[in-house]
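Comments concern the structure below.
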Amino acid sequence: MVSYRRRSAIPRFRGPRVSPVRGAGGGRSQIESLARSLADRIIRERDAAAQRARLGRIYTQFDHHNDILPNNVETVTRGLFAGNTGSLVEMFTSSLLTATQKTYYQEIHSTGDPGEVGNTNPELSMAYGHFEGSGSRDLTEGLNNDTPTRAIYRQYAQLLLAPNDKLFTINGVDTKQIYILNFNRSRIREKLDPGNFELTFAHLSGSHLIEANGDTFLDTHTGSNVTLDGSLRWEQVIDDSGIKASAVGESGQVYNLISGSIDGGYAAFQPADPVYFGLLYPQHGIAILNADTLDQRAGFGSVTGSQIQGENAVKMFTSLSGSNAITPITLNGGIQARSSEQVKSTYYFVRVKNAEYNYSNNPTFVTGSLGELAYSTFIRDPQVYITTIGLFNERREMLATAKLSQPLLKNFTREALVKVKLDF
């Protein structure tokens, strides 16, 4: 009887057949032979790469662990005004604004009136706002109770306050009338730099007592009629970032504006009898000032009559622009401010060894149809200058270039280490 064995339908995979090694000595000999062969190959490849480098390398791949230092964050500050200056002491209003625009705000320039001088620098806008719309005339003749001061107050309240908050609160007290400094957005970059912000207000002849029909009452001048009061007094205001941390609200960081100066510090701010002038919103580049405090401390006499065009923003301009003339020569009046910006940087360390990059692909480096070196001395002793470093991706597409401040001599006896900083 013949029996048959059924083969499995599942294929069986076999590995390579390995001949047994006879004796431990034979195994070590085989391993040593393979190791020597591998080492010789590595040495040959290294020597060939070195030889190619001497003949002229075009690209060098970065070692990500040793040549690249990513995610370095540093804070950069600049003067807030034209030319990166930190002081605005001469100010000019713009005659190019229409009469309607001037009922809302005044645009301030640093180098002249743009209606008279070309290429001026707009620095900020000044405005006055009143919660109930006082101090300005209804442009719709009472149809919508739409006065410019009402629109200004509501606009900045919507921008800076929480949704359910309608009034600006300064030192725990709500205020219905405010002055606004809104700095040019392109100049503040990321934010105003806390601790480097100062306003100097000259005292104004904003109001005075008059007698009529046997009665004495307060007469308030509109902005176009106000002047310095001649007392040579001024008030300096800074933010309180040096003595307390900022509050954080819907609009980001918020600092108080208090008595003091950048030069003199917080000596003028007395905790027992503090003077709070307003709020600073550095990330928006906006300062909100309490008009009631400016009326009391700097003689603004803000116009709050109904259906009266008070031109209160002009009072702010007159006080700030006139302060530099009455402060001592050692002090700057006007506005002192700087911008602040966090810059992320990556450093690339470009290492050029003595045998690398000693030849140039510039057409002037060779001559003739055979591409011979233009100077025979360059055959063994080439002299080139590094002027630019290019950064490429893996597909060898150029992403950025770095220019050296001056050409860097390179030959077989010189090595170079160049640090390239790429900001984001």
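Mind the numbering: the sequence shown is residues 2 to 425 in the working numbering, read in order. Here a beta-carbon is modelled for each residue, glycine too, at the ideal position from N, C-alpha and C.
{"Asked": "Starting from Gly-323, trace the alpha helix (DSSP H) in both directions and tell me its first and last residue.", "Found": "313-323"}
{"Asked": "Assign Ser-137 to one of three DSSP states: helix, strand, or coil.", "Found": "coil"}
{"Asked": "Apart from the five residues just before and just after Phe-184, which ones in its own chain have a Cβ nearer than 6 Å to its Cβ?", "Found": "Leu-125, Gly-286"}
{"Asked": "Could you tell me if Gln-407 is buried or exposed, where buried requires 16 or more neighbouring beta carbons within 10 angstroms of its beta carbon?", "Found": "exposed"}
{"Asked": "What ranges does the alpha helix (DSSP H) occupy inside the region 102-183, keeping only unbroken runs of at least 4 residues that lie completely in it?", "Found": "149-161"}
{"Asked": "Can you look up Thr-294 in the DSSP assignment and give me helix, strand or coil?", "Found": "helix"}
{"Asked": "At which residues does the alpha helix (DSSP H) containing Ile-189 begin and terminate?", "Found": "186-189"}
{"Asked": "Is it the case that the region 357-374 contacts the region 401-415, given that we only count it when at least three CB pairs across the two stretches are under 8 Å?", "Found": "yes"}
{"Asked": "May I ask which residues mark the beginning and end of the beta strand (DSSP E) holding Ser-426?", "Found": "The requested residue 426 does not occur in the structure, where the chain is confined to residues 2 to 425."}
{"Asked": "Could you please give me the residues that DSSP links to Tyr-277 through a beta bridge?", "Found": "Ile-259"}
{"Asked": "Output the distance between the C-alpha atoms of Arg-15 and Thr-61, rounded to the nearest integer angstrom.", "Found": "Model confidence at Arg-15 stands at a pLDDT of 47, short of 50, so the residue's coordinates are unreliable; what they give is reported in the following sentence. Going by the C-alpha atoms only, they are around 45 Å apart."}
{"Asked": "If you follow the beta strand (DSSP E) that Ile-239 is in, where does it begin and where does it stop?", "Found": "235-240"}
{"Asked": "Nearest to Tyr-485 by CA position, among Gly-119, Arg-155, Asn-120, is which residue?", "Found": "Outside the displayed range of the chain (2 to 425) lies residue 485, so it cannot be described from this structure."}
{"Asked": "Using a 10 Å radius around the Cβ and a threshold of 16 neighbouring Cβ atoms, would you call Gly-224 buried or exposed?", "Found": "buried"}
{"Asked": "Alpha carbons only, please: which of Gln-337, Ala-299, Arg-190, Glu-251 is nearest the one belonging to Asp-230?", "Found": "Ala-299"}
{"Asked": "Starting from the C-beta of Glu-75, find all residues in its chain whose C-beta is less than 8 Å away, skip the five residues before and the five after it, and write them out in chain order.", "Found": "Gln-343, Val-344, Ser-346"}
{"Asked": "When the Cβ atoms of the region 301-309 are set against those of the region 254-263, are three or more pairs found closer than 8 Å?", "Found": "no"}
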